[in-house]
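Student:
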Amino acid sequence: IDPSTIRRARFTDRDPSFINDQPFAELCRSIEEEGQLIPVAVREIPGEQTAYETVWGHRRIAACLKLARKVRAIILQQDDLRAAVFGYTENAKRASTSLIEQGRYFAALARTQSEAGLAPAAATEMDDRADGAADVVGDA
Numbered sequence: 002i003d004p005s006t007i008r009r010a011r012f013t014d015r016d017p018s019f020i021n022d023q024p025f026a027e028l029c030r031s032i033e034e035e036g037q038l039i040p041v042a043v044r045e046i047p048g049e050q051t052a053y054e055t056v057w058g059h060r061r062i063a064a065c066l067k068l069a070r071k072v073r074a075i076i077l078q079q080d081d082l083r084a085a086v087f088g089y090t091e092n093a094k095r096a097s098t099s100l101i102e103q104g105r106y107f108a109a110l111a112r113t114q115s116e117a118g119l120a121p122a123a124a125t126e127m128d129d130r131a132d133g134a135a136d137v138v139g140d141a
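According to my numbering, the sequence shown is numbered sequentially starting from 2.
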């Protein structure tokens with residue numbers, strides 16, 4: 002997928018200033034030398050034919066955009082709440098996030114729950130049901 006067609010998720014626990022840190026520079030170098038080994042996850046944006054929103058993999062998408070490379074991606078069929086929970090769960094397994102980043106994520110999740118008319122506990126139940134991978138797109 003062309004990384005320029007992928008929007009940053011509304012529900013993210015990553016501060017966009019990560020592009021200025023050393024781990025991001027190392028990620029870019031790794032992708033440039035070895036390719037993108039782990040796909041990102043995106044979901045289609047309703048009503049837009051070739052636009053996606055990040056579920057997880059913000060750093061890899063930014064690296065591919067910087068390197069002018071296509072992104073290997075899993076395209077998920079998920080609503081807002083599932084995408085938010087799934088993305089956070091995936092990031093929690095990979096790298097630590099700051100308390101500020103976690104706070105931003107949980108504030109966005111609370112707004113989404115409120116808009117959906119769900120009780121706060123519903124988000125934890127969604128974690129086990131966050132599924133719907135449709136395809137892996139692209140080569141390493």
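Ideal Cβ positions, reconstructed from N, Cα and C, are used throughout, including at glycine.
Terminal residues of the continuous beta strand (DSSP E) containing I76?
Tutor: Segment 74-77, the beta strand (DSSP E) holding I76.
Student: When you compare the stretch 21-34 with the stretch 57-73, are there three or more beta-carbon pairs, one atom per stretch, that lie closer than 8 Å?
Tutor: Yes: at least three Cβ pairs fall under 8 Å.
Student: If you run the structure through DSSP and keep just helix, strand and coil, what is E34?
Tutor: Note: E34 maps to helix in three-state DSSP.
Student: Thinking C-alpha only, which one of Q37, R73, L77, D22 is nearest P47?
Tutor: For P47, the nearest C-alpha among the options comes from L77.
Student: Quick one: residues in its chain with C-beta nearer than 8 Å to the C-beta of Y53, no 5 flanking neighbours on either side, listed in chain order?
Tutor: Here the set comprises I2, T6, I7, R8, V43, R44, E45, I46, A74, I76.
Student: Measuring alpha carbon to alpha carbon, tell me which of V56, T51, D81 ends up nearest V41.
Tutor: Minimum Cα distance to V41 is reached at V56.
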